[in-house]
Every structure is written in structure tokens, then in C-alpha cells.
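Be aware that the sequence shown starts at 235, since it is given in the working numbering, and climbs by one per residue. Backbone N, C-alpha and C fix where the C-beta goes; we use that ideal spot for every residue, glycine too. Notes to accompany the following structure.
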Amino acid sequence: MLLSADEKKEPLGNNMEIVVSPSHTFGTDAILLASFASVKRKDIACDMGTGCGIIPLIWCKGETKEVYAVDIQPKAISQLEKSVELNRITGRIKPVNCDLRSIKDYLPQGYFDLVTMNPPYKPVGTGIESLSEAERIARHEVTCTVDDAVRAAAQLLKFGGRFCMCHRPERLCDIIVSLRAHSLECKRIRFVVERKGRAPWLVLVEGKRGGKSGVTVMKELVMKDDNGAPTDEFRAMFGDYMDGHQ
């Protein structure tokens, strides 16, 4: 397996590695989403907008056996394929290069127990648009809006299946409205703060296909204590990955 000049291997813990590049890497929000989604051993799961595949690879550190990983960018899928080969998990992760707006043409509908997405956060025309095409797609809603993501998840999920996503807190209303419009009921919400007493910078949301009304607002997740050290809960989500990146 040959890496491109801009690619490198990074340890994930549990003797696993991931291939990253400046165009396709990962951040804290993806790791938090992977934990929040709480994939089960028997779940058939799909991560949309997977990028370098960090969420499927985290799941495969455990016993998860069937995970589809979707991305519109061929470069991202190529990196993930290298990670799959590197970790000898061919068959457990199934990379799919497609536009999620036409995902029903590529993946079976009503098949999945869990769908996740760490979507682009910025509407087109807001903020400073990134220079590269890869960054624009990852950060701005040029190929995927909140509603596009929820619609795609609703097509994939079986009855009772769950869709988990992360986003900026100011988009929470958009998310809940879209979930209900596509027959997904919001069931869990969790805000993430850097330190106790500060405003949240991220919200984690779970919707359930065919779920009854009623939502649980979980205790906020605090990343750092008063001394700036990672809290026990935050550290546990990162596991031995954090131990190697202090």
C-alpha cells in the first residue's frame, strides 16, 4: 500500500491506524459523535460524509461488523480504503463514493439500524469560504444541507432505527424541524461545552424513525475541568487515542 505525498498514518489506539491528509482529517466533533451514537455489536451502520473514515474506524476498534462509509469525494474514499487495508478490516467497512442526495440509488433503503453524519456547518454565503474544493464541501453546505442529510438518513433507516448527528447549537431548530418532516422523532439532545459555565459550541442530536414524541435533554458534556485538563468523561471517549496525543 502506497501513500500519496500529502498522506500520513496516525495511530488511533487499539493497534489501529488511520490515513489522514490536509484535505481529509478529523476533529473532536467526529470523535464525540462516534461515542454519542453508541453503536451496538449487531447494528448495521452507515456514516455519511465520512471523510477519512474516522467514525467507522473508531467503531471497528470494537466488535462492529458491518459499517458503510459514504462520501462524495473520491480522495476521501481512497484514503479510507487505504486505512481499511492497513488495519486488515476488509469487509467490515464498506466505502461508498456517492452523493447522499441520491443515496437510495447506492444503498438499500430501510436496511440500517444506525446512521450518523458530521455535516458541513456553514450555509453557503456565510463566513469565509475555504479556498480548496475539499474544504468548501466539508465546511459549507454546497453539496449537503441539514435537510439533505436528514432525508438521506430517513431513506436508509429501518423502523426504529436511529440517526445521530452533530452541529452548531444555533442550528438545533433546523435539525428538529427537519427530523419531524422526515418521520424521525428527536429523542436525545446533548450540548458540549469546553468548560463548565461556558456557552455550548456543539450539539449532539439523535432522531428515531417512527419514534414517539418526547425528548431527553442530557447533562451537558464538559470537555475540560477548571485547571484545563480533560474531564474523566471526555478522556474516556477518546480512550488510548488521547493518551498518545498529550
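- Secondary structure within the stretch 274-322: the beta strand (DSSP E) runs of 3 or more consecutive residues, fully enclosed, are 278-282 and 300-305 (chain order).
- Secondary structure remark: continuous beta strand (DSSP E) runs of at least 3 residues inside the stretch 368-444, in chain order: 391-401, 418-429 and 436-443.
- One thing to note: M282 has its Cβ no nearer than 9 Å to the Cβ of T379.
- Annotation for D263: the continuous alpha helix (DSSP H) segment containing it runs T262 to A271.
- Taking C-alpha positions only, G395 is separated from Y355 by approximately 24 Å.
- Note that the C-beta distance between N331 and D305 is below 9 Å.
- In the three-state scheme derived from DSSP, where H, G and I count as helix and E and B as strand, M235 is classed as coil.
- Sequence-distant Cβ neighbours of D240 in its own chain, meaning closer than 7 Å and more than five residues away, are S255 and P256.
- Collapsing the DSSP output to three states places K453 in coil.
- Beta-bridge pairing by DSSP links T324 to I327.
- The beta carbons of C280 and L390 sit closer together than 9 Å.
- For E241, the three-state secondary structure derived from DSSP is coil.
- Approximately 7 Å separates the beta-carbon atoms of G444 and S417; this is inside 8 Å, confirming the contact.
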